[in-house]
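What follows is a single structure, written as C-alpha cells, with notes after it.
There are 2 protein chains.
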Amino acid sequence: MTEEFEQLIERAGRVGPEYQELVRTIAVLGEEGGKRLRPHISMLLYEAYSKKSGEDILTAAVAQEFLHLAMLIHDDLMDRDLVRYGVKNVAGQYRDIYEPLIEGTARRSHEADSMAILAGDLLQSRTYRLANQIETTPERKERIEALMSDTVERVIGGQVLDTQAILRSSGTIDPLVVAENKTASYTFEMPLLIGAILGGADEHELTQLEVLGKIVGIGYQVMDDLLGIFGEEASTGKSIVGDIREGKQTILVQRFRELAKKAQQEEFDTIYGNHHATVEQIARVRALLIESGARKALEKELSKIANKASRIVEGLAIDSKYKAAFIQLVSRGLDRKK
Amino acid sequence: MTEEFEQLIERAGRVGPEYQELVRTIAVLGEEGGKRLRPHISMLLYEAYSKKSGEDILTAAVAQEFLHLAMLIHDDLMDRDLVRYGVKNVAGQYRDIYEPLIEGTARRSHEADSMAILAGDLLQSRTYRLANQIETTPERKERIEALMSDTVERVIGGQVLDTQAILRSSGTIDPLVVAENKTASYTFEMPLLIGAILGGADEHELTQLEVLGKIVGIGYQVMDDLLGIFGEEASTGKSIVGDIREGKQTILVQRFRELAKKAQQEEFDTIYGNHHATVEQIARVRALLIESGARKALEKELSKIANKASRIVEGLAIDSKYKAAFIQLVSRGLDRKK
Chain Z
-5 MTEEFEQLIE
5 RAGRVGPEYQ
15 ELVRTIAVLG
25 EEGGKRLRPH
35 ISMLLYEAYS
45 KKSGEDILTA
55 AVAQEFLHLA
65 MLIHDDLMDR
75 DLVRYGVKNV
85 AGQYRDIYEP
95 LIEGTARRSH
105 EADSMAILAG
115 DLLQSRTYRL
125 ANQIETTPER
135 KERIEALMSD
145 TVERVIGGQV
155 LDTQAILRSS
165 GTIDPLVVAE
175 NKTASYTFEM
185 PLLIGAILGG
195 ADEHELTQLE
205 VLGKIVGIGY
215 QVMDDLLGIF
225 GEEASTGKSI
235 VGDIREGKQT
245 ILVQRFRELA
255 KKAQQEEFDT
265 IYGNHHATVE
275 QIARVRALLI
285 ESGARKALEK
295 ELSKIANKAS
305 RIVEGLAIDS
315 KYKAAFIQLV
325 SRGLDRKK
Chain U
-5 MTEEFEQLIE
5 RAGRVGPEYQ
15 ELVRTIAVLG
25 EEGGKRLRPH
35 ISMLLYEAYS
45 KKSGEDILTA
55 AVAQEFLHLA
65 MLIHDDLMDR
75 DLVRYGVKNV
85 AGQYRDIYEP
95 LIEGTARRSH
105 EADSMAILAG
115 DLLQSRTYRL
125 ANQIETTPER
135 KERIEALMSD
145 TVERVIGGQV
155 LDTQAILRSS
165 GTIDPLVVAE
175 NKTASYTFEM
185 PLLIGAILGG
195 ADEHELTQLE
205 VLGKIVGIGY
215 QVMDDLLGIF
225 GEEASTGKSI
235 VGDIREGKQT
245 ILVQRFRELA
255 KKAQQEEFDT
265 IYGNHHATVE
275 QIARVRALLI
285 ESGARKALEK
295 ELSKIANKAS
305 RIVEGLAIDS
315 KYKAAFIQLV
325 SRGLDRKK
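These protein sequences, in sequence, are chains Z and U.
Position 161, counted from 1, in the first sequence is what the numbering used here calls 155; the numbers after and before it change by one each time, with no gaps.
Position 274, counted from 1, in the second sequence is what the numbering used here calls 268; the numbers after and before it change by one each time, with no gaps.
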C-alpha cells in the first residue's frame, strides 16, 4: 500500500503541491490502518485455490483497502467523526491545516469536510484503476470489476437503510437486510469471491462461498450488536452505552421485540433511544435483553452460523490446511472478545 | 439514461423503499439535465471513425453522464448549492423529505448532505459498472476504464487547486493548470478519446485528439472567464459579479497581472475579492481588465486556439462531413454568447 501512495503522491505533484497535501492526509490514515481483513481473506482464498502465493494478487488486495478507506472517510463525514484508527482523519487533519488560513470554525469545518469528500472520491477512482490493473484473464478481471461496483451499490443501500432506521419510526427497516448489504456483501462476500475467482475456483465453489460470506457477515454483525451492549469497552474499544442512547435498530433489538412481553417492551421503549439515559437505565436495558431471552437466542444463532460455516468450509475443494486457516478466520470473526 | 435509472430504481427496491427514494432524487436531476456535451462528443467521434451509429456506444455515453452527475452532486455540496438545472439537487430534495422527520435545520441539513454524499458515491460506482459493460474488445475496454479513473484523478487535482487558490494567497496557483486538469481533461479529452478508441482510431489520431482536447478545454475555460466578467447574465445564466466578489483566480486575472501597470494592479486589488464590492467598483474592475489589455489578449488567444483546433481537425483521418460537424462543435464551445 505504501508503494501505491508513493506513486499517487508523485502523480499529484505534477498537478500541484496542494494536491500532494491531500494525498498525504489520506496516506496518514491508510498507513495507520485497520485489520486488513479483506486483503487477508482474498489472499488466503487465492492461495487455497491456485496454490500460488497470495502476493500475486496484491493489486486486488490494495484495491479493496482503497475502497474501504474511501468508505470510511465518507462515513466519518456523515457521523461527524474526526478521528479514525487513533489518528485524525482527512476532515480532522484539514481542520488543522486550515487553522491559520480560514477564519471562523463553521467555514473552516465546511472547507475541511469538502477536502474529505474529494479524498473519498479520489480513493474510489483509484480503486477501479487498481482493479483494472489486476493481472489475470479479461473474463476474470471483468467479473471482479463488476463485483466491486455491484458491492458498492449494495453497501450504499445498506447505509441508506441504516441511516433511515434511526430517522424514521423504528421497526420499518429490517436490520438483517442492513447487515446483509452493508456488512456481509462488502466485508466477506466480496473478498472471498475476489480471492476465489482469481485463484480459479469453479462456479459451484463460488456459489458456496457466496452463501458462506452472507452467513458469516450476518454473524459478524450479530456479534457486533452483542458487543455493543454486553462487550467490555476496554477490549472492544467501543462504547457500550452508544447503541442504547442512539436507539440503534440492531438484530438484537429485533429479536427482543419478537420475544419480550408487553410490559418488557414498554419499559424498554421508555429508555432505548434516550440520549440522556442514566447508568441505571442502561443497566435495566441490558437486563431486559437478557430476561426476554433475546441475548440467549442470538448466541444460539451465532453458534448455528458457526456450525453451518464450518460445514461449508469442510465441503470446499481446497486442501485441509487451508480449511483449518479458514475456519480459524471465521471463528475469530464470530467469537470476538466480549 | 431513463432506462438506466429505471433499472437502478428496480434494484434499489430489492434493498428497500428508502434506497429507491435516494435513487429517485438522483433521477430527477439526471433527467432534467445538462447539455449532454460529453456523450455528444463521444458519439460524434465514434461515428466519424467507425462509420457506424453513435447509438452503439450508448453505454459509454451514459457512463460519462453518470460520472458528470456524481461530480456535480459533490460539487454542489462543497459550494453549498441546493439547486442544479433549475431543480432541487439531492441535498435540496432531502431537506424537504426530512422536513417532517428531523427537528432543527442544522441537523436536517447535515443529514440531507449525507444523502448527497451517498448519491455521488453510488453514481461513481455505477459509472465504472457501465464502463465494464461497454461492448468492445477487452483491450479497448481496459483502456477506457483506465482513462476514466485517471481523468477523475486529474479532475480532483484541479478541483483541489481551484479551492486552494481561493483559500491561500493569490498567485501561487496557476489557473491554466486548473483549467487543464479540471475542465479540459474531463469535458474534452476524455469524451474525444472514448469515442475515438471505441471507433477504432489509431495511435496517431488519438495523440492529435488529446492535444485538441487540451487546447479546446483551455479555450472553453478562457471563454468562461470572459463570460463571468463581460457576459450578459440573461443569456449565460451566470452572475457577472460573482467572480469579482469571490476574487476568483481566473486566466483573465492572470493575464491582467502580467499586463497591468502598478497603479492598475493596486486599484484592482482593493476591489477584487471584496464581498461587498459596489456596482461602481465592479464596473471599475471591468474597465481595468479592458484598459490593461487583458481582455483583448485573451480574445486573441481564443482566436488562435480556434485556428489551431481547426487545423488539427482538418488533419484528422475522418470524412469531411464529420470534420465540419466537429469544427462547429468546437466553435460553439469557444464562441458562446457574450
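Even glycine gets a Cβ: it sits at the ideal position worked out from N, Cα and C.
This structure is a prediction, so every number in the text was calculated from the model and none was measured.
For residue i, return the contacting residues in chain U, with the cut-off set at a CB-CB distance below 9 Å.
i: Z/Pro169; result: Result: empty, since nearest Cβ-Cβ is about 12 Å, beyond 9 Å.
i: Z/Glu105; result: Met72, Thr157 and Leu161
Whose C-alpha, out of the options, is nearest the C-alpha of residue i?
i: Z/Thr201; options: Z/Ala311, Z/Leu116 and Z/Leu328; result: Z/Ala311
i: Z/Arg162; options: U/Arg137, U/Gly213 and U/Glu12; result: U/Glu12
i: U/Ser108; options: Z/Thr131, Z/Asp69, Z/Glu174 and Z/Ser143; result: Z/Asp69
i: Z/Asn175; options: Z/Gly211, Z/Gly27, Z/Ala190 and Z/Leu186; result: Z/Gly211
i: U/Ala349; options: U/Gly225, U/Ser304 and U/Glu15; result: Any question about residue 349 of chain U goes unanswered here, given that chain U covers just -5 to 332.
i: U/Glu(-3); options: U/Leu116, U/Glu199 and U/Thr53; result: U/Thr53
i: U/Leu112; options: U/Ser304, U/Met65, U/Glu295 and U/Leu141; result: U/Met65
i: Z/Met217; options: Z/Arg326, Z/Ala140, Z/Gln259 and Z/Ala190; result: Z/Arg326
i: Z/Gln259; options: Z/Gly287, Z/Asn301 and Z/Val235; result: Z/Gly287
i: U/Gly236; options: U/Glu59, U/Leu2, U/Asp73 and U/Arg30; result: U/Asp73
i: U/Leu328; options: U/Arg137, U/Lys317, U/Ala195 and U/Lys298; result: U/Lys298
i: U/Glu41; options: U/Asp313, U/Gln322 and U/Leu31; result: U/Asp313
i: Z/Gln243; options: Z/His269, Z/Ala159 and Z/Leu221; result: Z/Ala159
i: U/Ala57; options: U/Ser103, U/Arg78 and U/Leu141; result: U/Leu141
i: U/Ala173; options: U/Gly193, U/Ala195 and U/Lys208; result: U/Lys208
i: U/Leu61; options: U/Tyr122, U/Ser103, U/Gly241 and U/Ile3; result: U/Tyr122
i: U/Leu220; options: U/Arg32, U/Arg289 and U/Glu26; result: U/Arg289
i: Z/Leu63; options: Z/Ile51, Z/Glu49 and Z/Val22; result: Z/Val22
Given that residue i touches chain U, what residues does it touch there, using C-beta distances under 8 Å?
i: Z/Asn126; result: Glu136, Glu139, Ala140 and Ser143
i: Z/Gly151; result: Ala6, Val9, Gly10 and Tyr13
i: Z/Ser179; result: Result: empty, since nearest Cβ-Cβ is about 10 Å, beyond 8 Å.
i: Z/Ile96; result: Leu161
Would you mind telling me which residues of chain Z sit closer than 8 Å to residue i, beta carbon to beta carbon, in chain order?
i: U/Ser108; result: Leu71, Met72 and Thr157
i: U/Arg120; result: Ser143 and Glu147
Could you name the residues of the same chain whose beta carbon sits closer than 8 Å to that of residue i, not counting the 5 residues immediately before and after it, in chain order?
i: U/Val279; result: Ile223, Ile238, Phe262, Ile265, Tyr266 and Ala271
i: U/Leu76; result: Asp70, Lys82, Asn83, Ala85, Gly86 and Arg89
i: Z/Gly7; result: Tyr13 and Gln14
i: U/Glu105; result: Tyr88, Tyr92 and Ile96
i: U/Gly309; result: Gln202
i: U/Glu199; result: Tyr43, Ala190, Leu310 and Ala311
i: Z/Val307; result: Leu206, Lys317, Phe320, Ile321 and Val324
i: Z/Leu16; result: Ala6, Val84, Met109, Leu112, Ala113 and Leu116
i: U/Gly387; result: Coverage of chain U is limited to positions -5 through 332, which leaves residue 387 of chain U absent and any answer about it impossible.
Cβ closer than 7 Å: which chain U residues qualify as neighbours of residue i?
i: Z/Leu116; result: Glu147 and Ile150
i: Z/Pro132; result: Pro132
i: Z/Ile191; result: None at all; the shortest Cβ gap to chain U is about 14 Å.
Going along chain Z, which residues have a C-beta under 7 Å from residue i?
i: U/Asn175; result: Val9
i: U/Leu16; result: Val154
i: U/Ile188; result: None at all; the shortest Cβ gap to chain Z is about 15 Å.
i: U/Leu112; result: Ile150, Gln153 and Val154
i: U/Arg123; result: Ala140, Ser143 and Asp144
i: U/His68; result: Ile111 and Asp115
CB-CB under 7 Å to residue i, same chain, minus the five flanking residues each way: which ones, in chain order?
i: U/Asp168; result: none
i: Z/Leu170; result: Ile212 and Ile245
i: U/Ser103; result: Arg89
Kindly list the residues whose CB is nearer than 6 Å to the CB of residue i, restricted to its own chain and excluding five residues on each side of it in sequence; keep chain order.
i: U/Asn126; result: none
i: U/Gly28; result: none
i: Z/Ile67; result: Val84, Ala110, Ala113 and Gly114
Quiz item: Is the stretch 183 to 197 of chain U touching the stretch 34 to 43 of chain U, taking contact as three or more C-beta pairs under 8 Å?
Solution: yes
Exercise. Report yes or no: do the stretch 279 to 289 of chain Z and the stretch 244 to 255 of chain Z share at least 3 C-beta pairs separated by less than 8 Å?
Key: yes
Self-check item: the stretch 130 to 146 of chain U / the stretch 115 to 125 of chain Z touching (three or more Cβ pairs under 8 Å)
Solution: Touching, per the Cβ criterion.
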